[in-house]
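This report refers to the structure that appears directly beneath it.
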Amino acid sequence: MRRPLIAGNWKLNGSRESALELAADLISGSADLSADLLVCPSFTLLNPVREALAGSPVALGAQNVSAESSGAFTGEVSAAMLAEAGCAYAIIGHSERRTLYAEQDRELAAKVLQALSASLTPILCVGESLAEREQERQEAVVQQQLDAALGELETTAIAKCVIAYEPVWAIGTGRSASPQDAQAVHASIRAWLGGLSESLAPSVRLLYGGSVKPDSASALFEQTDIDGALVGGASLNASDFLAIARAAAS
Ligand code: 13P
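So in our numbering the end of the sequence shown lands on 256, straight run, no missing numbers.
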C-alpha cells in the first residue's frame, strides 16, 4: 500500500511572514492525517519554515538542487547543503526549469544522483507539452524523460525516488488533466518501472500535478496509479492544500 504524498511547490512566492503563517496553519490542520505532507519553499525561506515545522509531520523540500556537489558554480545550492538545511526532498526537472532555464536531461540525471547521495528523495517531474499531447505523444515523451533521468540508475536507487507527472499544458492554467488521461500516463509510468523490475512498479509513488484543486482532487486520487499530488497555486492557501490532502487520505 502506497501512502499518499501531497507536496506543495510554492514556486517564487511568499515572504517570511506569509510562509510562517502558512506553515502554522498546515501544522494545526494536519494532525492525524493519513497522508504525507511536504512543502517546498524558496531557498531563503527553508530555514524559517524548517523552524516553524520542527516536531510536526510536515516535511520540507527544495524546488531545485545543483547537479554539482561543490566548487565554482555561482548561484548553485548543493544537495548536501539542502540536507543540512533540513530538506528531505528535492523537486528535480520541473517543466519551468526545463523550459525557462533550459535544464537538459543529462543535467537532471546528475541532479537525481546528487540528491540521492545526500539522502534527499528526488521528486522527478515529467510531462508533455500541449503540442506533444495534441500529437498523442504523451506516453512516448514521458518515457524518454524517464529513460534520460533515471535509466542509468540501479533499481534500488529508483526505488528511493518519487515521480511527478505534470503535463505542461495543465500547470497554472486551471485546466487539469482528466482523471482518466492522468491515470493512463501514470499506468504507463508504472509499466516503465515494471519493465526495469517487477518489485519496483508497486512501490514507487507517482504524483499528479497541474491545476490540482480541492474540487478536482478526489477524482484524481480515485485512480489506481495516482498516489498523491504536486500542487502549485492551491498549496499557497492552507485550507485548499489541506482539503486536497484530506481527499488523498480518505
Ligand atoms: P499549479 O497547481 O499551479 O497548476 O502548479 C502545478 C505545479 O507546477 C506544481 O509543481
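Note that CB positions come from ideal geometry on N, CA and C, so glycine has one too. Since we're looking at a predicted model, the values are computed, not measured.
For residue i, count neighbouring Cβ atoms within 10 angstroms of its own Cβ and tell me buried if that reaches 16, exposed if not.
{"i": "residue 247", "result": "buried"}
{"i": "residue 107", "result": "exposed"}
{"i": "residue 136", "result": "exposed"}
{"i": "residue 113", "result": "buried"}
{"i": "residue 126", "result": "buried"}
{"i": "residue 153", "result": "exposed"}
{"i": "residue 18", "result": "exposed"}
{"i": "residue 84", "result": "buried"}
{"i": "residue 172", "result": "buried"}
{"i": "residue 102", "result": "buried"}
{"i": "residue 178", "result": "exposed"}
{"i": "residue 241", "result": "buried"}
{"i": "residue 186", "result": "exposed"}
Residues in its own chain within less than 6 Å of residue i by CB, not counting five upstream and five downstream?
{"i": "residue 62", "result": "33"}
{"i": "residue 58", "result": "26 and 29"}
{"i": "residue 170", "result": "129, 131, 213, 215 and 236"}
{"i": "residue 199", "result": "206, 207 and 210"}
{"i": "residue 65", "result": "44 and 94"}
{"i": "residue 234", "result": "10, 11, 12, 213 and 254"}
{"i": "residue 222", "result": "182"}
{"i": "residue 184", "result": "none"}
{"i": "residue 180", "result": "217"}
Excluding sequence positions up to five away, which residues of its chain have a Cβ less than 7 Å from the Cβ of residue i?
{"i": "residue 165", "result": "206, 209 and 210"}
{"i": "residue 196", "result": "207, 212 and 231"}
{"i": "residue 73", "result": "113, 116, 117 and 120"}
{"i": "residue 76", "result": "84"}
{"i": "residue 82", "result": "72 and 74"}
Looking at the unbroken alpha helix (DSSP H) that takes in residue i, where does it start and where does it end?
{"i": "residue 220", "result": "220-227"}
{"i": "residue 242", "result": "Neither: residue 242 is in no alpha helix (DSSP H) and is coded neither H nor E."}
{"i": "residue 96", "result": "Per DSSP, residue 96 belongs to no alpha helix (DSSP H); it is in the beta strand (DSSP E), 95-98."}
{"i": "residue 33", "result": "22-35"}
{"i": "residue 213", "result": "Taken as a continuous stretch (DSSP letters only), residue 213 belongs to no alpha helix (DSSP H), being part of the beta strand (DSSP E) at 212-215."}
{"i": "residue 53", "result": "49-59"}
{"i": "residue 164", "result": "161-164"}
{"i": "residue 195", "result": "185-202"}
Take residue i and list the residues in its own chain whose beta-carbon comes closer than 8 Å to its own, dropping the five residues that flank it on each side.
{"i": "residue 255", "result": "10, 39, 40 and 41"}
{"i": "residue 124", "result": "84, 85, 86, 88 and 89"}
{"i": "residue 98", "result": "70, 71, 114, 117, 118, 121, 128, 129, 130, 131 and 155"}
Could you pull the start and end residues of the beta strand (DSSP E) that residue i belongs to?
{"i": "residue 42", "result": "42-46"}
{"i": "residue 128", "result": "127-132"}
Rounded to whole angstroms, what's the CA-CA distance from residue i to residue j? Just pull it up for me.
{"i": "residue 55", "j": "residue 105", "result": "28 Å"}
{"i": "residue 176", "j": "residue 78", "result": "37 Å"}
{"i": "residue 139", "j": "residue 194", "result": "15 Å"}
{"i": "residue 110", "j": "residue 67", "result": "22 Å"}
{"i": "residue 286", "j": "residue 228", "result": "This structure gives no information on residue 286, because the portion of the chain shown stretches from 7 to 256."}
{"i": "residue 239", "j": "residue 168", "result": "20 Å"}
{"i": "residue 122", "j": "residue 94", "result": "10 Å"}
{"i": "residue 16", "j": "residue 49", "result": "11 Å"}
{"i": "residue 22", "j": "residue 143", "result": "42 Å"}
{"i": "residue 7", "j": "residue 162", "result": "18 Å"}
{"i": "residue 192", "j": "residue 141", "result": "18 Å"}
{"i": "residue 146", "j": "residue 71", "result": "26 Å"}
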